[in-house]
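Take a look at the structure set out below.
Residue numbers (the working numbering): 1009 to 1298.
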């Protein structure tokens, strides 16, 4: 099984005619994703490698039954693109775009809530998600990925790819990159809950980083609701205070948001936290053997 994305998912790509949209559409297709439509206002009637392009998300959904949208539009258009997806009733919206103003992200998330949270938002500023052997929505490389028993959730795209490589012999049910912005749609807790309910996910891997309190919230949830083994890694032990490190949300302020605090919170609830990504992979491997 998998969470959020499966072999029956029908994907539309917003911004499909742009360079990034076209490139990653081809990569997703090569990974087995069912790309049924693209959306670029003003370019309806065209096609990209045989995939029909529509002027609006609603027209694409009406024509193809698409139930996943992957957003590759520039930051200034991202809010309206996601709102359009919500209005069209698409159940899953994966926002790859980086650099969306926090005010816009807050606005689109507020809009999603006001509409009853019928659309799950993943991101923004994320690599998307992949259910190996089933589907791929975003920019996560599928090469070498195979189905398996690990559920992975991560703020970092690059570390997602590394952990997929480290544990490629075991494989994954789904790998979800939730993004590193201060405001995101789907959280660690959302993914942990879904993996806990998935009968074919036997263990979980959580990749965190400095900034915010998402990892501490995940630790609290694990303590109360997760019975499967969890391993983790926290990036940013050497990050200087007050300096943003890569992601917009990766910033330490005083004692808040430090890697040490996050590691301590996770270890306090039984999560095995590696000092390096490779050690985290070894810890999870050992937990599965036991």
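Beta carbons are placed, not taken as given, at the ideal position from N, Cα and C, and that holds for glycine. Quick caveat: nothing in here was measured; it's all calculated off a predicted structure.
By the beta-carbon neighbour count (other beta carbons within 10 angstroms, threshold 16), residue 1283 is exposed. A contact is defined here as three or more CB-CB pairs under 8 Å, and the stretch 1171-1179 fails this definition with respect to the stretch 1227-1236. One alpha carbon belongs to residue 1274, the other to residue 1198, and they sit about 17 Å apart. Across the structure, residue 1266 and residue 1148 are spaced so that their CA atoms are roughly 27 Å apart. Assignment of alpha helix (DSSP H) within the stretch 1082-1135, counting only whole runs of 4 or more residues, yields 1083-1095, 1110-1122 in chain order. Counting C-beta pairs with one atom in each stretch, the stretch 1137-1152 and the stretch 1117-1129 have fewer than three that are closer than 8 Å, which means they do not touch. The stretch 1159-1169 and the stretch 1075-1091 do not touch, with fewer than three beta-carbon pairs separated by less than 8 Å. Bounds of the alpha helix (DSSP H) holding residue 1286 are 1285-1297. For residue 1151, no beta strand (DSSP E) encloses it, and the DSSP letter there is neither H nor E. The beta carbon of residue 1023 lies closer than 6 Å to those of 1029, 1080, 1081 in the same chain, with the five residues before and after it left out.
By the neighbour-count criterion, in which 16 or more other beta carbons inside 10 Å mark a residue as buried, residue 1057 falls on the exposed side. In chain order, 1022, 1065, 1077, 1079, 1101, 1127 place their CB closer than 8 Å to the CB of residue 1093, counting only its own chain and leaving out the 5 sequence neighbours on each side. Secondary structure at residue 1021: strand, using DSSP grouped into helix, strand and coil. Nearest to residue 1183 by alpha-carbon distance, out of 1191, 1143, 1221, is 1143. For the 8 Å CB-CB criterion, residue 1206 and residue 1159 form a contact. In the DSSP assignment, the residues bridged to residue 1182 are 1159. In the structure shown, residue 1167 falls within a helical segment according to DSSP collapsed to helix, strand and coil. Burial check for residue 1298: the Cβ neighbour count within 10 Å stays below 16, so the residue is exposed. When the beta-carbon positions are compared, residue 1130 and residue 1186 come within less than 8 Å of each other. Cβ-Cβ distances below 8 Å link residue 1098 to 1020, 1065, 1069, 1074, 1075, 1076, 1077, 1127 in the same chain, with the five nearest sequence neighbours on each side left out; the list follows chain order. Here DSSP, grouped into helix, strand and coil, assigns residue 1138 to strand. Assignment of residue 1214 by DSSP, reduced to helix, strand and coil, places it in the strand class. In the three-state reduction of the DSSP assignment, residue 1080 falls in the coil class, being assigned neither a helical nor a strand state. Distance from the CA of residue 1272 to the CA of residue 1289, rounded to the nearest whole angstrom, comes to 18 Å. Distance from the Cα of residue 1203 is smallest, within the candidate group 1090, 1278, 1156, for 1156. By the CB criterion at 8 Å, residue 1227 and residue 1279 fall inside the cutoff. Assignment of beta-bridge partners to residue 1143 by DSSP yields 1139. In the DSSP assignment, residue 1011 forms no beta bridge with any residue.
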